[in-house]
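Report on one structure; see the data block that follows.
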Amino acid sequence: TPLRLAAEYGHVEIARLLVEARADKDKVCGRDQRSALGMASERNHVEVVRFLLEAGASKDPLGDSYKPLTKAS
1 TPLRLAAEYG HVEIARLLVE ARADKDKVCG RDQRSALGMA SERNHVEVVR FLLEAGASKD
61 PLGDSYKPLT KAS
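Last residue of the sequence shown? That's 73 in UniProt numbering, and every number before it is there in order.
Have a look at this one:
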């Protein structure tokens with residue numbers, strides 16, 4: 001998804017615009033079954049992780065094989 005790509009590459013302002021446009025913050029997709037939060041966490045994009053959590057993204061979205069906060073701890 002566009003939000004997942006923005007998160008993957010650390011583009012917090014694009015992520016912010018997409019969330020404001022009602023992008024699904026918890027959508028899990030791709031071969032690796034990761035959410036935007038999972039991608040940002042995996043790539044160490046702390047600013048994007050912080051934004052997504054403040055925007056209400058699920059900490060461990062159902063179906064996300066990465067479990068973002070579990071891996072971060």
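Backbone N, C-alpha and C define an ideal beta-carbon position, used for all residues, glycine too.
Worksheet item: With burial defined as no fewer than 16 other Cβ atoms inside 10 Å of the residue's Cβ, what is the status of residue 56: buried or exposed?
Response: To locate residue 56, count along the sequence shown from 1; it is residue 56. It is exposed - the Cβ of residue 56 has fewer than 16 other Cβ atoms within 10 Å.
Worksheet entry | Three-state secondary structure assigned by DSSP to residue 43 | Here residue 43 corresponds to residue number 43 of the sequence shown, with the count starting at 1. In the structure shown, residue 43 sits in coil (DSSP, three-state: anything other than H, G, I, E or B).
Worksheet item: Where residue 4 and residue 51 are concerned, what is the direct C-alpha to C-alpha distance, given to the nearest angstrom?
Response: Locating residue 4 in the sequence shown gives position 4, where the first residue counts as 1. Locating residue 51 in the sequence shown gives position 51, where the first residue counts as 1. Straight-line Cα distance between these residues: approximately 13 Å.
Practice prompt. Would you kindly work out how many angstroms separate the C-alpha atoms of residue 35 and residue 17, rounded to a whole number?
Written response: Residue numbering aside, residue 35 sits at position 35 when the sequence shown is read from its first letter. Residue numbering aside, residue 17 sits at position 17 when the sequence shown is read from its first letter. Near 17 Å, if we compare the C-alpha coordinates of residue 17 and residue 35.
Worksheet item: My guess is that residue 48 and residue 7 are in contact by the Cβ rule of under 8 Å, so how many angstroms apart are they, rounded?
Response: Here residue 48 refers to the residue found at position 48 when the sequence shown is read from its first residue. Here residue 7 refers to the residue found at position 7 when the sequence shown is read from its first residue. Contact holds; Cβ gap of about 5 Å.
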